[in-house]
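What follows is a set of notes on a single structure, which appears directly below.
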Amino acid sequence: RTALCALTVSAWSTFPTIWFLVQLGYITEITETLLLALGDFYAKMLASVVLMQGTSASADSYFRRELRQLLDKETTRAGVLHTFARSMGHDLRTPLQALVFSHHITHRALGELITSHESALSSDADASRAETHVRMRSHLGA
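Pasting the structure below:
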């Protein structure tokens, strides 16, 4: 960061230095034009680097702040859940576990019941189709 600041100061100080050297007659106007073009290029490239570095630092700072807030939120949430689980007594945990277990068993039983009903309906439909086929054959005299 300090190096970028030093380079920026040196880049912008070249312009008055070049002007001063021309006024003293140490360099010609053609050399002045060349040095000003090089200084302009150098200053613009350096400005791009400084801008990118600033943008990167800003984005990094934002990302770190968001992560810190998320971590704080999740830490608080975990602490609350831990406190609740620790303070919840046996009298409340046992009935709650029974409810969860009965809910699980009910879902499994309903799944089996639905499967058996579907297979029964399927076999009833097959029997009905077979009966219709037999009636049609006897009706047609085949």
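Residues 1 to 142, numbered by full-length UniProt numbering, are exactly what the sequence shown covers, in order. Here a beta-carbon is modelled for each residue, glycine too, at the ideal position from N, C-alpha and C.
Gly111 sits in a helix when the DSSP states are folded into three classes. Remark: C-beta atoms of Thr8 and Leu46 approach each other more closely than 9 Å. By the beta-carbon neighbour count (other beta carbons within 10 angstroms, threshold 16), Ile114 is exposed.
One thing to note: Ala11 has its Cβ no nearer than 9 Å to the Cβ of Tyr62.
Within a 10 Å sphere around the beta-carbon of Ile105 sit fewer than 16 other beta-carbons, which makes this residue exposed. Classified as exposed, Ile30 has fewer than 16 neighbouring CB atoms from the shown chains inside 10 Å of its CB. For Tyr26, no alpha helix (DSSP H) run applies, since DSSP gives it neither H nor E.
Linking Gly79 to Lys73 through their CA atoms gives a straight-line distance of about 10 Å.
Rounded to whole angstroms, Gln23 and Glu32 show a C-alpha spacing of 10 Å.
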